[in-house]
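Report on one structure; see the data block that follows.
2 protein chains.
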Amino acid sequence: MTRLARLTEQGFIDRIARLARRAGPARGGLGAVLGIGDDAAVLSPSGRLQSLLTTDLLAEGIHFRSAWAPGLLLGRKTLTASLSDIAAMGGVPCSFVLSVGFPRRTDPAYALQLASGVASQARRFGVDLVGGDTCAARSLFLNVALLGLVEPGREVRRSGARSGDGLYVTGRLGASAAGLRLLEAGERLGRTSGARAAAIRAHLDPEPRVIAGRLLGLTRLAAAMIDLSDGLALDLTRLCAASGAGAVVEQEAIPVAPQAVAVLGARAAARAALTGGEDYELLFTARAEHHGHVRRLARRMQLPLSRIGQIVARRRGIVVLTRSGRYHPIGDLGTGFRHFPADA
Amino acid sequence: MTRLARLTEQGFIDRIARLARRAGPARGGLGAVLGIGDDAAVLSPSGRLQSLLTTDLLAEGIHFRSAWAPGLLLGRKTLTASLSDIAAMGGVPCSFVLSVGFPRRTDPAYALQLASGVASQARRFGVDLVGGDTCAARSLFLNVALLGLVEPGREVRRSGARSGDGLYVTGRLGASAAGLRLLEAGERLGRTSGARAAAIRAHLDPEPRVIAGRLLGLTRLAAAMIDLSDGLALDLTRLCAASGAGAVVEQEAIPVAPQAVAVLGARAAARAALTGGEDYELLFTARAEHHGHVRRLARRMQLPLSRIGQIVARRRGIVVLTRSGRYHPIGDLGTGFRHFPADA
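Taken in order, these protein sequences are the chains called A and B. Anchor point for the first sequence: position 196 equals 196 in our numbering, and the numbering is continuous, going up by one each time. Anchor point for the second sequence: position 177 equals 1177 in our numbering, and the numbering is continuous, going up by one each time.
Right under this line is the structure:
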């Protein structure tokens, strides 16, 4: 029996590192010269590469409920937002540090599942856990700080969009919001199946588009990029603000996830695809003349890259062209994903 | 009136970055090509330098009580543990990301003071806030992940001590533990003065030995180094374990902080110097033939570097030679600093 008291000390971080290492060294470029166990990790020189650094917090009652999320999936999702951030910059994720606040009531079995989940996601994306900190807390929270690498000048910023660019998204949207709706209504993974289970899984275990982001950066196809953590409407607004641009989105062209349609119906699913959060797909722009290249890349990656509209002059605002042929300011469609109310 | 609702969003992180930037760009080597506002920060290539990465969590009820800690000092201390970690590796601290969990009841004025404190410490040590995340939480917590740089092979590990090395500490020990004792007994900064106020200040606003750590690394005087976050007894045990060595500490030679003596009396102060935590001084070893160099460095830095004993063979254990000429295993003196009981 592993007692939580031991787990909540350095043991928890060590356990994840051990689990992750079992499958061999990380593939990332920033090799750990010295990992866990000293005052700081030492990472090998990155030469002429730039470092990328991002941090993301997952807190019980704000970003998840542990009653909804199996420990394994929560552990995987702990890394997802940061992996998605590095992907959205066109970089390679390399090394991370993890901080965890554990309530004393945490079930040790849940903590072990959590450790396995973090380790499996780390292995899968070739990132190396090089340090961490843990403490007791009133409610569970996890924080990741992830380092990545990218060639100088190759980072894909939010600010690179120009009028005339095509606007694209990876994958399909709205499943995560549909899954959240089901969880809020009391459905649970393991007690449902088919499209409903798939939607819940899309919420609890979204797929960060690490390879797609990297290829869109390396090929220089993406002129501007952001990941969809807070919903298309809100994240597109951020991309446009950074680029000093406007956008026209054709609602018909938005790739709505079939699970969202099955769960919510066509109308609400279309809305979820526009304003639902946590799909962790990538939103990017590409120069009009690169449209053919984007289509070829999609075929090579076997991942939909849907052209959903285009970048226009800032003064035209950010609008959605509906199926009925009317233009709506995207702000009228809600401000994107809202975290469910905190108990805090 | 700044509302906390706004502060707890990106505004809090932005505010710190703005406050910190007011005094000009950070001095650290890892210049931010792109700071806050994109999916990840982009840091300029570090050439042949190694990166150092560390993370530290500060949680209400575990590491601090906000009723005891003015926001400004808590903000400063938020960076201290990580700065001290980079110092203990002999590195230069450069860039950090900050995550904050705010209870909804947080006084906005307190949050602003907190922001100022983080910013002032960042400016003072030339580190750059390049990203962050915030959310609502049941109790206040802050997490820093700090990146530093160090020349390849020049990092000072815990494992570098050899039998015969002199054992040294920077500064004086025990004041932080004395200050914690006063806070627990109900004394507060601003309602006390003299040595008592100085002890409380040592606890709430300890000084990370960034310059000393860097010089001890650069000059190659330190063979092994660790920072004293959990008390001399426990942190020396860690250094010895990593080095596969034992140590003899002469209790008489331990530099006890005069504030600790004034608050606790000589006997308890000597004990606090051995087992009290959060002094954030550096513990290091140097080859016997370098003793003169260490003394000269101390004079140049105007910082005491006290020789408190020496490294011996592992089989001799880790012992304290008391004033009465007896040897005590250091483990008998308590397991170092214990966080005060969590409310969690």
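Virtual Cβ for every residue (Gly too), placed ideally from N, Cα, C.
Residue i at chain B interface by Cβ criterion, 9 Å
i	result
F136 (chain A)	According to the sequence displayed, residue 136 (chain A) carries Ala and not Phe. Cβ-Cβ to chain B under 9 Å: yes for A136 (chain A).
I311 (chain A)	no
M89 (chain A)	yes
I16 (chain A)	no
A26 (chain A)	Any answer about A26 (chain A) is weak, because its pLDDT of 47 lies below 50 and its placement is not dependable; what the coordinates show is given next. No, its Cβ sits nowhere closer than 9 Å to a Cβ of chain B.
G101 (chain A)	yes
L34 (chain A)	yes
G231 (chain A)	no
T275 (chain A)	no
F12 (chain A)	no
E184 (chain A)	no
F284 (chain A)	no
V210 (chain A)	no
A245 (chain A)	no
Alpha carbon of residue i to alpha carbon of residue j, nearest angstrom
i	j	result
R267 (chain A)	V256 (chain A)	10 Å
R123 (chain A)	R21 (chain A)	8 Å
D85 (chain A)	A1040 (chain B)	6 Å
L79 (chain A)	R191 (chain A)	26 Å
S1176 (chain B)	V33 (chain A)	33 Å
E187 (chain A)	R201 (chain A)	12 Å
A69 (chain A)	R138 (chain A)	18 Å
V144 (chain A)	P108 (chain A)	21 Å
L1204 (chain B)	G1075 (chain B)	10 Å
M89 (chain A)	T1237 (chain B)	43 Å
T1219 (chain B)	P1208 (chain B)	19 Å
H1290 (chain B)	A1161 (chain B)	13 Å
A1241 (chain B)	V1319 (chain B)	14 Å
A195 (chain A)	V100 (chain A)	33 Å
I308 (chain A)	S51 (chain A)	31 Å
Short CB-CB distance (under 9 Å) between residue i and chain A
i	result
Q1113 (chain B)	no
L1189 (chain B)	no
I1200 (chain B)	no
R1021 (chain B)	no
A1040 (chain B)	yes
T1054 (chain B)	yes
G1029 (chain B)	Model confidence at G1029 (chain B) stands at a pLDDT of 48, short of 50, so the residue's coordinates are unreliable and nothing is read from them.
P1045 (chain B)	yes
Q1050 (chain B)	yes
S1120 (chain B)	no
S1159 (chain B)	yes
Per-residue burial, residue i [other beta carbons within 10 Å of its own, 16 or more giving buried]
i	result
S1046 (chain B)	buried
H1328 (chain B)	exposed
Q1302 (chain B)	exposed
S229 (chain A)	buried
G1171 (chain B)	buried
A269 (chain A)	buried
E1252 (chain B)	exposed
S1193 (chain B)	exposed
R214 (chain A)	buried
I13 (chain A)	buried
E60 (chain A)	buried
L1019 (chain B)	buried
R181 (chain A)	buried
P93 (chain A)	buried
P1206 (chain B)	buried
Residue of the options minimising C-alpha distance to residue i
i	options	result
L283 (chain A)	A:D165, A:I13, A:L19, A:I62	A:D165
L321 (chain A)	A:A197, A:T275, A:A247	A:A247
L146 (chain A)	B:R1299, B:R1315, B:Q1121, B:V1042	B:V1042
L142 (chain A)	A:T55, A:L215, A:A286, A:Q251	A:T55
V249 (chain A)	A:R315, A:G126, A:R181, A:Q310	A:Q310
V1150 (chain B)	B:L1204, B:R1172, B:V1210	B:V1210
Y1280 (chain B)	B:G1031, B:G1090, B:S1051, B:V1169	B:V1169
I330 (chain A)	A:R18, A:A273, A:Q302	A:A273
A81 (chain A)	A:R18, A:D332, A:A253, A:I226	A:I226
V1127 (chain B)	B:S1095, B:A1233, B:L1232	B:S1095
R1316 (chain B)	B:S1163, B:A1059, B:L1058, B:R1018	B:S1163
P1306 (chain B)	B:L1173, B:A1245, B:P1206, B:R1214	Per the sequence presented here, residue 1306 (chain B) reads as Ser, with Pro not at that position. Among B:L1173, B:A1245, B:P1206, B:R1214, the Cα nearest to that of S1306 (chain B) is on B:L1173.
I1016 (chain B)	B:A1298, B:H1293, B:L1239, B:L1129	B:L1129
L1083 (chain B)	B:Q1050, B:G1117, B:Q1121	B:Q1121
A1178 (chain B)	B:L1216, B:A1223, B:G1231	B:G1231
A199 (chain A)	A:L216, A:D235, A:G277, A:A233	A:G277
G1148 (chain B)	A:A212, A:S44, A:R295	A:S44
Contact the segment 147 to 159 of chain A vs the segment 112 to 119 of chain A: 3+ CB pairs below 8 Å: no
The segment 1257 to 1276 of chain B touching the segment 1129 to 1140 of chain B, judged by at least three CB pairs closer than 8 Å: no
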